[in-house]
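Residue numbers (this note's numbering), protein chains in the order written: chain A, 111 to 362; chain X, 111 to 362; chain W, 111 to 362; chain R, 111 to 362. Backbone N, C-alpha and C define an ideal beta-carbon position, used for all residues, glycine too. Fair warning: this is a prediction, and the values are worked out from it, not measured in the lab. Take a look at the structure below.
Number of protein chains: 4
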Amino acid sequence: MTRTVDLNADMGESFGDWTMGNDAALLDIVTSANIACGFHAGDPNVMAKTMGLAVTKGVGIGAHPGFSDLQGFGRRRMSLPPDSLQNIIRYQLGAAQAMAKSAGGSVRHLKLHGALSNMASQDPEIARLCYQAALDLSPDLVIVVLAATEMEKVVRDLRCAWAGEIFADRAYNDDATLVDRSLPGAVIHDAENAATRVAKMIDAGAIITESGAQIPTKIDTVCLHGDTPEAIEIATAIRSRLQREDIRIQKF
Amino acid sequence: MTRTVDLNADMGESFGDWTMGNDAALLDIVTSANIACGFHAGDPNVMAKTMGLAVTKGVGIGAHPGFSDLQGFGRRRMSLPPDSLQNIIRYQLGAAQAMAKSAGGSVRHLKLHGALSNMASQDPEIARLCYQAALDLSPDLVIVVLAATEMEKVVRDLRCAWAGEIFADRAYNDDATLVDRSLPGAVIHDAENAATRVAKMIDAGAIITESGAQIPTKIDTVCLHGDTPEAIEIATAIRSRLQREDIRIQKF
Amino acid sequence: MTRTVDLNADMGESFGDWTMGNDAALLDIVTSANIACGFHAGDPNVMAKTMGLAVTKGVGIGAHPGFSDLQGFGRRRMSLPPDSLQNIIRYQLGAAQAMAKSAGGSVRHLKLHGALSNMASQDPEIARLCYQAALDLSPDLVIVVLAATEMEKVVRDLRCAWAGEIFADRAYNDDATLVDRSLPGAVIHDAENAATRVAKMIDAGAIITESGAQIPTKIDTVCLHGDTPEAIEIATAIRSRLQREDIRIQKF
Amino acid sequence: MTRTVDLNADMGESFGDWTMGNDAALLDIVTSANIACGFHAGDPNVMAKTMGLAVTKGVGIGAHPGFSDLQGFGRRRMSLPPDSLQNIIRYQLGAAQAMAKSAGGSVRHLKLHGALSNMASQDPEIARLCYQAALDLSPDLVIVVLAATEMEKVVRDLRCAWAGEIFADRAYNDDATLVDRSLPGAVIHDAENAATRVAKMIDAGAIITESGAQIPTKIDTVCLHGDTPEAIEIATAIRSRLQREDIRIQKF
Numbered sequence: 111m112t113r114t115v116d117l118n119a120d121m122g123e124s125f126g127d128w129t130m131g132n133d134a135a136l137l138d139i140v141t142s143a144n145i146a147c148g149f150h151a152g153d154p155n156v157m158a159k160t161m162g163l164a165v166t167k168g169v170g171i172g173a174h175p176g177f178s179d180l181q182g183f184g185r186r187r188m189s190l191p192p193d194s195l196q197n198i199i200r201y202q203l204g205a206a207q208a209m210a211k212s213a214g215g216s217v218r219h220l221k222l223h224g225a226l227s228n229m230a231s232q233d234p235e236i237a238r239l240c241y242q243a244a245l246d247l248s249p250d251l252v253i254v255v256l257a258a259t260e261m262e263k264v265v266r267d268l269r270c271a272w273a274g275e276i277f278a279d280r281a282y283n284d285d286a287t288l289v290d291r292s293l294p295g296a297v298i299h300d301a302e303n304a305a306t307r308v309a310k311m312i313d314a315g316a317i318i319t320e321s322g323a324q325i326p327t328k329i330d331t332v333c334l335h336g337d338t339p340e341a342i343e344i345a346t347a348i349r350s351r352l353q354r355e356d357i358r359i360q361k362f
Numbered sequence: 111m112t113r114t115v116d117l118n119a120d121m122g123e124s125f126g127d128w129t130m131g132n133d134a135a136l137l138d139i140v141t142s143a144n145i146a147c148g149f150h151a152g153d154p155n156v157m158a159k160t161m162g163l164a165v166t167k168g169v170g171i172g173a174h175p176g177f178s179d180l181q182g183f184g185r186r187r188m189s190l191p192p193d194s195l196q197n198i199i200r201y202q203l204g205a206a207q208a209m210a211k212s213a214g215g216s217v218r219h220l221k222l223h224g225a226l227s228n229m230a231s232q233d234p235e236i237a238r239l240c241y242q243a244a245l246d247l248s249p250d251l252v253i254v255v256l257a258a259t260e261m262e263k264v265v266r267d268l269r270c271a272w273a274g275e276i277f278a279d280r281a282y283n284d285d286a287t288l289v290d291r292s293l294p295g296a297v298i299h300d301a302e303n304a305a306t307r308v309a310k311m312i313d314a315g316a317i318i319t320e321s322g323a324q325i326p327t328k329i330d331t332v333c334l335h336g337d338t339p340e341a342i343e344i345a346t347a348i349r350s351r352l353q354r355e356d357i358r359i360q361k362f
Numbered sequence: 111m112t113r114t115v116d117l118n119a120d121m122g123e124s125f126g127d128w129t130m131g132n133d134a135a136l137l138d139i140v141t142s143a144n145i146a147c148g149f150h151a152g153d154p155n156v157m158a159k160t161m162g163l164a165v166t167k168g169v170g171i172g173a174h175p176g177f178s179d180l181q182g183f184g185r186r187r188m189s190l191p192p193d194s195l196q197n198i199i200r201y202q203l204g205a206a207q208a209m210a211k212s213a214g215g216s217v218r219h220l221k222l223h224g225a226l227s228n229m230a231s232q233d234p235e236i237a238r239l240c241y242q243a244a245l246d247l248s249p250d251l252v253i254v255v256l257a258a259t260e261m262e263k264v265v266r267d268l269r270c271a272w273a274g275e276i277f278a279d280r281a282y283n284d285d286a287t288l289v290d291r292s293l294p295g296a297v298i299h300d301a302e303n304a305a306t307r308v309a310k311m312i313d314a315g316a317i318i319t320e321s322g323a324q325i326p327t328k329i330d331t332v333c334l335h336g337d338t339p340e341a342i343e344i345a346t347a348i349r350s351r352l353q354r355e356d357i358r359i360q361k362f
Numbered sequence: 111m112t113r114t115v116d117l118n119a120d121m122g123e124s125f126g127d128w129t130m131g132n133d134a135a136l137l138d139i140v141t142s143a144n145i146a147c148g149f150h151a152g153d154p155n156v157m158a159k160t161m162g163l164a165v166t167k168g169v170g171i172g173a174h175p176g177f178s179d180l181q182g183f184g185r186r187r188m189s190l191p192p193d194s195l196q197n198i199i200r201y202q203l204g205a206a207q208a209m210a211k212s213a214g215g216s217v218r219h220l221k222l223h224g225a226l227s228n229m230a231s232q233d234p235e236i237a238r239l240c241y242q243a244a245l246d247l248s249p250d251l252v253i254v255v256l257a258a259t260e261m262e263k264v265v266r267d268l269r270c271a272w273a274g275e276i277f278a279d280r281a282y283n284d285d286a287t288l289v290d291r292s293l294p295g296a297v298i299h300d301a302e303n304a305a306t307r308v309a310k311m312i313d314a315g316a317i318i319t320e321s322g323a324q325i326p327t328k329i330d331t332v333c334l335h336g337d338t339p340e341a342i343e344i345a346t347a348i349r350s351r352l353q354r355e356d357i358r359i360q361k362f
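Here it is in structure tokens:
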């Protein structure tokens with residue numbers, strides 16, 4: 111049986127004169143790109159450039175909306191009323207669709223960013239509001255969810271196209287949440303180790319937690335990072351190792 | 111012969127907790143609404159509310175993009191490279207299209223705001239860059255231009271749908287520019303007088319300047335204002351007077 | 111025995127082209143002005159104008175710092191690390207001091223705004239961080255606290271100059287918090303009634319709650335509002351009524 | 111005769127999660143730091159950190175105010191009325207003074223940033239407005255000016271403390287303006303060459319232009335850059351070379 115998986119990464123996170131990450135290098139590794147939409151990072155120029163590169167390299171374009179908080183990089187939780195939550199999704203998705211179209215592509219998927227993602231993974235109402243707003247605009251959009259969280263329940267219920275995401279480089283607790291970064295072993299720095307874990311989880315069709323427990327889920331895509339030269343190296347190594355494991359890397 | 115004209119106004123210019131203008135009242139007077147897109151004014155909530163009202167009242171929705179400058183309300187000139195100029199148009203138009211679709215409508219026209227409009231009315235290259243970026247995304251978009259300016263030459267050349275706009279309440283110089291606000295007679299405060307001028311210009315198919323000269327042009331829409339209670343009164347009076355002149359008020 | 115009280119109001123909350131409130135009218139009523147510092151509202155021009163008026167009218171100038179969140183008017187809670195919290199206080203206080211000095215005055219007091227104030231009234235650590243940062247810069251600053259809250263405990267502990275504040279137009283719960291706006295009777299719209307309550311509380315040296323309970327506290331200043339024409343009327347009426355009650359209105 | 115010169119660099123230009131330059135390395139090379147004030151770059155946290163380092167390393171702290179334009183990094187020209195121009199200087203200088211005081215230091219000098227600096231170097235009225243606003247707040251402030259420009263005339267006329275600045279790595283035209291970056295030889299990439307030029311200009315008490323002409327001026331400080339690893343190397347090499355030329359490096 112051929113196993114396939116998508117590799118995704120957040121990008122387009124530069125802003126004005128400030129550069130973040132190495133999008134050109136990452137786009138040679140991943141098959142899906144989650145591109146910031148100007149609220150927590152990115153700006154119209156950065157979006158145009160990143161989407162243009164993604165089109166050239168055949169990488170799937172995703173909208174990556176977040177809270178309107180440049181200084182906090184969208185990582186500070188904000189309480190928004192339901193309407194406002196939906197409006198920031200609509201606005202950012204629409205902007206991303208226009209930028210993608212101008213670059214010769216289109217927005218295939220949507221993945222929430224930062225604090226908004228954290229909140230939606232815990233509160234199904236927030237997930238539902240965000241996803242519904244996006245799907246009303248674009249019914250075929252693939253929603254990328256943190257596998258085995260409230261997000262997954264919501265997209266199953268919405269009966270929309272969706273992709274379940276796991277992290278290559280993070281240990282999991284038994285409730286499918288990530289082990290806190292401050293704890294030993296929370297972040298996996300060894301690419302071989304990370305790739306072996308991913309292969310095992312794909313085979314098992316389950317998240318494998320630190321304790322060895324298995325949480326059955328749909329694994330469609332693996333999140334990689336590219337914000338440091340070291341991160342690019344690890345992402346490259348994971349990709350190579352997955353290929354040697356006979357896992358086909360392709361867009362979901 | 112039946113004469114018809116569209117009435118337009120800028121709106122959706124509130125931001126967060128700050129209110130500007132009286133959009134609900136204006137939407138009972140105009141047939142086209144130029145709605146700010148969040149760069150110089152407006153935010154996703156304001157756009158959603160204003161567009162929802164426009165749909166309910168059958169008023170045509172327009173994107174009204176400007177420079178990214180909330181504090182200066184988009185009235186400060188900025189020099190942007192050609193790519194950046196096009197990207198801010200794409201981004202704002204895309205956001206407006208999504209907000210309009212979510213409100214049950216669609217973006218029919220585009221009118222540039224503030225300093226960006228002033229610059230485009232003088233520099234055909236700026237007008238061309240902005241309009242081309244918008245038309246690539248939405249080929250049927252109606253471009254609203256300041257009649258008899260460089261903008262008009264550009265849209266004629268682009269062979270796109272367009273509407274020529276005159277001001278009801280401003281006196282014109284012989285080169286079709288507006289008489290400077292600081293000069294006596296520059297702003298017409300009397301609604302009857304304003305409406306009479308509009309009717310004459312529509313009949314003449316020309317801008318009639320302060321000196322009495324005529325500048326032939328296509329007059330499709332008249333710009334009204336609604337930022338003060340007095341402005342709403344004037345706009346109402348102009349509408350009534352035009353109707354008494356047997357000019358039909360309808361969307362371009 | 112002569113009773114005296116200060117009247118304060120938030121102001122300088124316009125931004126760019128957006129006007130909020132009627133600062134000129136309010137400055138004829140209050141004795142202390144809490145002036146926004148550009149993060150949640152206000153900008154350098156608005157600060158200059160408001161402070162200039164305050165100096166002319168002999169009203170005490172206060173810095174009114176908040177979260178950096180124009181769109182949410184500083185009313186959305188944000189979790190900031192302790193250092194960041196202190197840095198936003200330092201920055202805004204410094205800016206306010208410079209603007210006040212340029213206007214011929216100086217910053218006498220500090221009052222936290224919106225969500226930051228709410229958080230500090232419940233969490234003494236947040237109050238302490240903010241107040242300490244301000245007092246390190248300006249040891250004689252008067253800290254305005256919500257009377258009988260955690261804020262009061264903190265300023266007593268810091269042994270700094272402080273003023274206890276009550277609201278003229280809001281009903282209190284038995285724990286000194288405000289009755290939720292959504293409940294009947296939460297907001298007092300009758301100026302006579304509001305002024306009578308204030309006089310009683312000043313006499314009692316205590317907050318008098320809806321149930322009639324008394325919470326002893328130091329009452330130095332009464333918060334008034336001026337964001338609507340009606341609010342200005344109520345503020346004026348409260349001031350007159352307090353004077354008729356032989357309560358002297360003067361700066362703390 | 112001992113010759114002395116100050117070395118300065120712009121820093122504190124990171125913002126939120128975005129890093130720019132290597133301030134820690136630069137602070138080992140320069141004697142004066144021009145620190146962004148949050149309008150075009152920098153934020154309260156970045157200011158606190160950079161100023162703390164400057165105090166530790168004995169480097170003079172300067173306010174480096176610019177236009178309120180994060181996306182354009184303060185490099186886009188804006189037309190502001192005289193009052194507004196003064197208010198943005200006051201606000202930024204006040205914020206910088208508070209941050210410096212909290213870090214255990216104080217603001218010794220002021221240097222304008224980006225487009226605001228370019229405009230002030232050509233238009234003496236703009237220079238005068240900015241400098242006067244700053245000096246009214248802080249009469250002993252040292253104003254750093256581009257040597258031999260309109261700025262120099264203004265500070266001579268204001269009779270304030272000032273320092274004349276030259277660039278180590280840029281060729282000069284005969285009118286003391288910089289050779290356009292697009293022309294060959296405009297930027298000097300060789301550290302030895304750059305240092306030799308600086309030494310010659312200090313000896314001559316004049317800017318030496320590309321044609322060999324001399325423009326007499328006061329040279330107090332040399333601007334270095336540190337935005338790339340290469341720039342840090344060049345800055346280090348210039349410093350060493352100046353020391354070998356028996357030029358003492360010390361704060362103005």
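| Asked | Found |
| --- | --- |
| Report the neighbours of Tyr201/W on chain R: residues whose CB is nearer than 8 Å to its CB, in chain order. | Gly148, Pro154, Met157, Ala205, Ala208 and Met209 |
| Could you name the residues of chain X that Phe125/W contacts, counting a contact when the two beta carbons are closer than 9 Å? | Phe125, Gly126, Trp128, Leu180 and Gln181 |
| State the DSSP-derived secondary structure class of Asp120/R, mapped to helix, strand or coil. | strand |
| Less than 7 Å between the beta carbons of Ala205/W and Gly184/R, yes or no? | no |
| Just checking: is the beta-carbon of Met261/W within a distance shorter than 7 Å of some beta-carbon in chain A? | no |
| Considering only the beta carbon of each residue, do Gln324/X and Ala309/X sit closer than 7 Å? | no |
| Helix, strand or coil for Ala347/R? Go by DSSP, reduced to three states. | helix |
| Out of Gln202/X, Pro234/X and Ser194/X, state which residue places its alpha-carbon closest to the alpha-carbon of His219/X. | Gln202/X |
| Would you kindly report the start and end of the unbroken alpha helix (DSSP H) that includes Gly152/W? | Element bounds for Gly152/W: n/a, residue is neither H nor E. |
| Considering only C-alpha positions, which residue in the set Asn283/W, Ile342/W and Asp127/W is nearest to Gly224/X? | Asp127/W |
| Contact criterion: CB-CB distance below 7 Å. Does Asn197/W meet it with respect to chain R? | yes |
| With a threshold of 7 Å between beta-carbons, can Ser212/A be considered close to chain X, or not? | yes |
| Would Ser227/W pass as an interface residue toward chain R - the criterion being a Cβ-Cβ separation below 7 Å? | no |
| Can you name the residues of chain X whose CB is closer than 7 Å to the CB of Ala187/R? | Going by the sequence as given, residue 187/R is Arg instead of Ala. Within chain X, the residues near Arg187/R are Ser189. |
| Would you kindly report the start and end of the unbroken alpha helix (DSSP H) that includes Ala237/W? | Pro234 to Leu247 |
| First and last residue of the alpha helix (DSSP H) that includes Ser194/R? | Pro192 to Ser212 |
| Under 7 Å between C-beta atoms, does Tyr216/X make it to chain A? | The amino acid at residue 216/X is misidentified as Tyr; the sequence shows Ser. For Ser216/X, the answer is no, since every Cβ of chain A falls outside 7 Å of its Cβ. |
| Out of curiosity, what's the CA-to-CA distance linking Gly122/R and Val169/R? | 13 Å |
| Exposed or buried, which one is Leu117/R when buried takes at least 16 other CB atoms within 10 Å? | buried |
| With a CB to CB cut of under 8 Å and the five nearest residues on each side skipped, what residues in its chain are close to Arg307/A? | Ala278, Ile298 and Ile318 |
| So Asp193/W contacts chain R; which residues on that side make the cut at Cβ distance below 8 Å? | Asn155 and Ala158 |
| Using the DSSP secondary-structure output, state which residues sit across from Arg358/R in a beta bridge. | Thr114/R |
| DSSP state of Ala305/R, grouped into three classes? | helix |
| Return no unless some Cβ of chain W is closer than 7 Å to the Cβ of Leu247/R. | yes |
| With a cut-off of 8 Å on the beta carbons, I'd call Leu136/W and Gly295/W a contact; round off their distance for me. | Not confirmed; about 25 Å, so no contact. |
| Just curious, the alpha helix (DSSP H) that Ala316/X is in, first and last residue? | No alpha helix (DSSP H) contains Ala316/X, which is instead part of the beta strand (DSSP E) from Ala316 to Ile318. |
| Mark Pro326/R as exposed unless 16 or more other C-beta atoms lie within 10 angstroms of its C-beta, in which case mark it buried. | exposed |
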